[in-house]
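Single-structure report; data block below.
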Amino acid sequence: MRFQRTLDQEPAKAPASPSEYPVYYFFYGTLTVPSTLRLKWILDLPEEPVLRKAQLMGYALGKWGDYFALLKGEQDQVVSGYAYQVQNEAHAQKLAYYETSAYKVHDCQIRFTNDNQPSEVDGKTVMYAGDAQALLEQRFDRKLWEVQMSGKLN
């Protein structure tokens, strides 16, 4: 189950500096479904975002309740999704806030699946911040629980 972020939860960190923008972010799952308009809503965009079909190599998806979570995978595993070019730090921060402490921003190599150039870029994605093995085995994730509760237990 995906948790709703409360004010005392830390958002996923958005580590890019202003000189790193624009930067492509790779998305999978609900953020890429046009009918939900989620990415447009999160970033408060005036129109639909332009998404490019893309893939990540060496990653896998696990289920966290009703949602997918990106994990390190085998070298030959492929996760398909979309890339969006984040224009500024404010948008990166909005994405980090949306993703909560259950996810962390990671650098990645994005491979586009259309004929447009560039065909590959260095980019960012959000990965599951907890215990990947616990997620795959669908058992309680103490690591993620401790991260999410760290401010509440002190």
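When you line the sequence shown up against the UniProt record's numbering, it's residues 1 to 154, in that order.
All residues carry an ideal CB built from backbone N, CA and C; glycine is no exception.
One thing to note: Gln-55 has its Cβ within 8 Å of the Cβ of Thr-113. Sequence-distant partners of Lys-72 (beyond 5 residues in either direction) whose C-beta falls short of 8 Å from its own C-beta, in its chain, are Gly-58, Tyr-59, Ala-60, Met-127 and Ala-132. Here Arg-38 carries a helix assignment [DSSP, helix/strand/coil]. Taking a 10 Å sphere around the C-beta of Thr-30, we find fewer than 16 other C-beta atoms and assign the residue as exposed. In chain order, Gln-85, Val-86 and Gln-87 place their CB closer than 7 Å to the CB of Pro-22, counting only its own chain and leaving out the 5 sequence neighbours on each side. Our two residues, His-91 and Val-121, have alpha carbons roughly 19 Å apart in a direct line.
CA-CA distance, Glu-20 to Glu-47, rounds to 24 Å. A straight-line Cα-Cα distance of about 28 Å links Trp-41 and Ser-119. Along the UniProt domain "Gamma-glutamylcyclotransferase AIG2-like" (25–130), the alpha helix (DSSP H) occurs as fully enclosed runs of 4 or more residues at 38–43 and 89–99, listed in sequence order.
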